[in-house]
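From first to last, the protein sequence lines stand for chains A and B.
FYI, the numbering for the first sequence is 37 to 277, going by the numbering used here.
FYI, the numbering for the second sequence is 37 to 277, going by the numbering used here.
Virtual Cβ for every residue (Gly too), placed ideally from N, Cα, C.
Protein chains: 2
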Amino acid sequence: MELPPVVARMWGREPVSRRGPKPRLDVATILAAAMEIADAEGLAAVSMGSVASRVGVATMALYRYVGSKDELLTLMADAAAPDPPERGGLAWRDYLAAWTRANRDLLLRRPWLLLADRLTPPLGPRRLLWLDRALDALSGTGLDEGQKLRAATALTGYALSDATLVHGMRAGAGRAGAGIAGAAEYGAVLGELLDPHAYPALSETVGAGVFAGAEGWTDDDDFRFGLDLLLDGIEALIERR
Amino acid sequence: MELPPVVARMWGREPVSRRGPKPRLDVATILAAAMEIADAEGLAAVSMGSVASRVGVATMALYRYVGSKDELLTLMADAAAPDPPERGGLAWRDYLAAWTRANRDLLLRRPWLLLADRLTPPLGPRRLLWLDRALDALSGTGLDEGQKLRAATALTGYALSDATLVHGMRAGAGRAGAGIAGAAEYGAVLGELLDPHAYPALSETVGAGVFAGAEGWTDDDDFRFGLDLLLDGIEALIERR
DNA sequence: CCCGAACCGCGTAGGAGATACACCTTAGTG
DNA sequence: CACTAAGGTGTATCTCCTACGCGGTTCGGG
Chain A
37 MELPPVVARM
47 WGREPVSRRG
57 PKPRLDVATI
67 LAAAMEIADA
77 EGLAAVSMGS
87 VASRVGVATM
97 ALYRYVGSKD
107 ELLTLMADAA
117 APDPPERGGL
127 AWRDYLAAWT
137 RANRDLLLRR
147 PWLLLADRLT
157 PPLGPRRLLW
167 LDRALDALSG
177 TGLDEGQKLR
187 AATALTGYAL
197 SDATLVHGMR
207 AGAGRAGAGI
217 AGAAEYGAVL
227 GELLDPHAYP
237 ALSETVGAGV
247 FAGAEGWTDD
257 DDFRFGLDLL
267 LDGIEALIER
277 R
Chain B
37 MELPPVVARM
47 WGREPVSRRG
57 PKPRLDVATI
67 LAAAMEIADA
77 EGLAAVSMGS
87 VASRVGVATM
97 ALYRYVGSKD
107 ELLTLMADAA
117 APDPPERGGL
127 AWRDYLAAWT
137 RANRDLLLRR
147 PWLLLADRLT
157 PPLGPRRLLW
167 LDRALDALSG
177 TGLDEGQKLR
187 AATALTGYAL
197 SDATLVHGMR
207 AGAGRAGAGI
217 AGAAEYGAVL
227 GELLDPHAYP
237 ALSETVGAGV
247 FAGAEGWTDD
257 DDFRFGLDLL
267 LDGIEALIER
277 R
């Protein structure tokens with residue numbers, strides 16, 4: 037089986053060569069530098085040049101370690117994941133709740149993850165470790181392997197969606213200078229734009245002050261709402277067996 | 037209320053000017069050209085230059101109509117949405133299933149949507165129309181406005197997650213040349229990489245042949261699985277009232 | 001009727017960034 | 001000890017985005 041080069045690098049399966057000068061760097065050092073830049077200045081500040089100068093080599097030296105910038109981003113997306121939460125004798129539902137929350141919090145702590153990666157199923161050792169732990173938590177439930185996998189996938193997707201939403205609300209996210217500062221302002225803009233005839237249901241929702249915090253919801257309540265939806269669904273599935 | 041410029045453009049709220057030559061273009065024409073390029077050659081082929089030459093003007097002329105390339109992408113992301121499905125007297129659950137599926141299918145038909153947009157809550161007229169229809173479908177259920185909104189949000193997020201996954205599986209998505217051709221190959225790579233001691237649960241899942249299609253799942257079954265999870269959750273919530 | 005302001009389209013140019021390539025250097029290998 | 005694979009680098013190219021200013025156009029007001 038021929039492993040794609042990115043994958044080989046993620047798993048340290050590079051053929052070790054003896055010839056030539058000792059490498060001055062390794063992939064881990066490069067990734068650490070890249071992630072520091074991303075954490076401090078955002079993903080846009082991560083360029084081959086900026087990473088190289090931070091580790092003290094010329095730009096082109098990085099290409100001895102990663103195949104392209106795209107590959108660097110893929111590697112970063114895996115390396116950024118910490119260890120998944122410990123299963124402390126928790127029931128599957130409690131563990132998956134903590135697991136999903138930790139996943140979401142990671143994405144909020146490092147918002148550049150929302151832009152890096154994407155579009156590829158997880159292939160790195162750290163992401164797969166997370167997946168393993170979720171599957172493990174479901175192992176006593178009687179679900180078949182396919183169901184467990186899909187449940188874990190749905191939870192991962194939810195963590196991503198929720199983090200994207202929260203992050204987008206928080207700062208307007210800089211995207212195209214949308215300049216929306218928070219939920220309240222979002223609601224105000226919608227109220228300004230919407231024609232109640234064309235958008236009857238949405239106008240009503242806006243009018244009810246949902247975005248203005250009238251109901252006292254927090255980001256965390258939002259998160260729990262969707263999470264419970266999924267966990268309830270999983271629970272129903274388990275009981276149905 | 038001061039509207040951000042992107043938003044104003046999406047809604048045609050630009051102050052119409054009388055002076056000067058007639059504009060040769062309008063935003064809709066530019067967006068149509070940009071979307072044709074994205075459909076045919078992918079988002080990477082969309083540059084200010086390529087769009088401009090397709091509509092027959094110089095690159096810089098586009099900046100009379102859009103503030104930046106980023107803004108162009110935001111506008112595209114809204115304009116790409118077709119009309120939401122008709123509510124044909126369907127029950128809320130059936131409608132939302134169709135709605136979510138249409139949403140996902142759109143993302144699969146135009147995968148560049150997975151890369152454009154992101155990070156901003158919906159502010160365009162077309163996306164908001166979708167949201168309105170989902171809220172409308174929930175209007176007879178007894179849920180409060182906040183619950184309806186969050187349910188719709190969760191479904192939107194799910195459509196996105198699922199489309200991302202399916203698309204990523206289909207072609208390796210080109211991302212960093214990951215070169216994974218499909219679920220079967222994905223499973224094979226995992227089998228190659230995973231140490232069963234470090235990844236016990238995941239190894240078992242891979243071993244069960246879930247990725248090889250051993251259980252006869254299709255992309256569509258995958259989609260329905262997560263969808264039913266959410267809809268079941270929503271239904272439970274409604275009944276609990 | 002005419003003038004100036006506002007606005008259109010465009011050419012130029014600057015600046016960033018990714019990366020192919022050739023070169024010298026280094027260190028195992030035969 | 002010569003040979004060769006591999007590391008680090010400088011240079012060069014190519015693609016983009018976009019700031020700026022020019023010349024031509026149209027309309028509103030006097």
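Spatial neighbours of residue i in its chain, beta-carbon cut-off 8 Å, leaving aside the 5 residues before and after
i                  : result
Thr-65 of chain B  : Val-91
Leu-149 of chain B : Ala-113, Ala-116, Leu-142 and Leu-143
Start and end residues, alpha helix (DSSP H) containing residue i
i                  : result
Val-242 of chain A : 236–243
Met-71 of chain A  : 63–77
Tyr-101 of chain B : It is not in any alpha helix (DSSP H) - Tyr-101 of chain B carries neither H nor E in the DSSP assignment.
Tyr-132 of chain A : The amino acid occupying residue 132 of chain A in the given sequence is Leu; Tyr does not appear at that position. It spans 128–145 - the alpha helix (DSSP H) in which Leu-132 of chain A sits, taken as one unbroken run.
Ala-115 of chain B : 105–115
Ala-44 of chain A  : 41–46
Val-225 of chain A : 219–229
Contact set for residue i: own chain, Cβ-Cβ below 7 Å, skip 5 residues either direction
i                  : result
Tyr-194 of chain B : Thr-136, Gly-262, Leu-263 and Leu-266
Arg-163 of chain A : Asp-114 and Ala-117
Ile-73 of chain B  : Ala-81, Val-82, Ser-86, Val-87 and Arg-90
Leu-39 of chain B  : Arg-49
Leu-98 of chain B  : Ile-66, Met-84, Val-87 and Ala-88
Ala-132 of chain A : It should be pointed out that residue 132 of chain A corresponds to Leu in this sequence rather than to Ala. If we look at Leu-132 of chain A and ignore the five residues flanking it on each side, its Cβ neighbours are Ala-170, Ala-173, Leu-191 and Leu-267.
Gly-210 of chain A : Low confidence applies to Gly-210 of chain A: its pLDDT is 49, below 50, so where it sits in the model is not reliable, and the reading given next is rough at best. For Gly-210 of chain A, where only same-chain residues beyond five positions count, there are no Cβ hits under 7 Å.
Lys-184 of chain B : Leu-171 and Leu-174
Which of helix, strand or coil DSSP assigns to residue i
i                  : result
Glu-251 of chain B : coil
Phe-261 of chain B : helix
Ala-173 of chain B : helix
Ser-53 of chain A  : coil
Ala-94 of chain A  : coil
Val-82 of chain B  : coil
Leu-151 of chain B : coil
Val-87 of chain B  : helix
Glu-275 of chain A : helix
Glu-181 of chain B : helix
Asp-119 of chain B : coil
Arg-278 of chain A : This structure does not reach residue 278 of chain A, given that chain A is present from 37 up to 277, and the question cannot be answered.
Ile-270 of chain B : helix
Thr-285 of chain B : As shown, chain B starts at 37 and ends at 277. That puts residue 285 of chain B outside it, with no answer to give.
Val-246 of chain A : coil
Pro-232 of chain A : coil
Gly-125 of chain A : coil
6 Å CB neighbourhood of residue i in its chain, flanking five on each side removed
i                  : result
Ala-115 of chain A : Leu-67
Val-42 of chain B  : Glu-107 and Thr-110
Ala-69 of chain B  : Val-87, Arg-90 and Val-91
Ser-239 of chain B : Leu-230 and Pro-232
Val-242 of chain B : Gly-223, Leu-226 and Gly-227
Arg-60 of chain A  : none
Thr-95 of chain A  : Met-84, Gly-85 and Ala-88
Gly-103 of chain A : Pro-41
Integer-rounded CB distance, given that residue j should sit under 8 Å from residue i
i                  : j                  : result
Leu-179 of chain B : Ile-274 of chain B : 6 Å
Arg-123 of chain B : Ala-44 of chain B  : Contact flag wrong, Cβ pair sits at about 30 Å.
Trp-128 of chain B : Gly-176 of chain B : 7 Å
Ser-197 of chain B : Leu-196 of chain A : 6 Å
Asp-258 of chain A : Arg-276 of chain B : About 19 Å separates the two Cβ atoms, so there is no contact after all.
Met-7 of chain A   : Gly-218 of chain A : Because chain A here runs from 37 to 277, residue 7 of chain A falls outside it and cannot be looked at.
Pro-157 of chain B : Gly-204 of chain A : 5 Å
Ala-248 of chain A : Ala-220 of chain A : 5 Å
Leu-151 of chain B : Pro-120 of chain B : So it is not a contact: roughly 22 Å between Cβ atoms.
Asp-130 of chain A : Pro-236 of chain B : Not confirmed; about 20 Å, so no contact.
Any non-hydrogen atom of the ligand ADP closer than 7 Å to residue i Cβ
i                  : result
Leu-142 of chain B : Annotation note on the ligand ADP: not contained in the displayed structure, which lists no ligands.
Fill in: the stretch 191–203 of chain A: positions lying closer than 9 Å to chain B by Cβ
Thr-192, Gly-193, Tyr-194, Leu-196, Ser-197, Asp-198, Thr-200, Leu-201 and His-203
Fill in: Residues in the stretch 151–167 of chain A having any Cβ partner in chain B nearer than 9 Å
Here the close residues are Leu-151, Asp-153, Arg-154, Leu-155, Thr-156, Pro-157, Leu-159, Pro-161, Leu-164, Leu-165 and Leu-167.
Practice prompt. Residues of the stretch 213–236 of chain B with a CB closer than 8 Å to any CB of chain A: list them in chain order, please.
Written response: Gly-213, Ala-214, Gly-215, Ile-216, Tyr-222, Ala-224, Val-225, Leu-226, Glu-228, Leu-229, Leu-230, Ala-234, Tyr-235 and Pro-236
Worksheet item: Which residues, in order along the stretch 94–113 of chain A, keep a beta-carbon less than 8 Å from a beta-carbon of chain B?
Response: Answer set for the stretch 94–113 of chain A: Gly-103, Ser-104, Asp-106, Glu-107, Leu-109 and Thr-110.
Practice prompt. Report the residues of the stretch 167–184 of chain A with a CB closer than 9 Å to any CB of chain B, ordered along the chain.
Written response: Leu-167, Asp-168, Arg-169, Ala-170, Leu-171, Asp-172, Ala-173, Leu-174, Ser-175, Asp-180, Glu-181, Gly-182, Gln-183 and Lys-184
Item to complete: Determine which residues of the stretch 132–144 of chain B have a Cβ less than 8 Å from any Cβ of chain A, and write them out in chain order.
Response: Hits within the stretch: zero.
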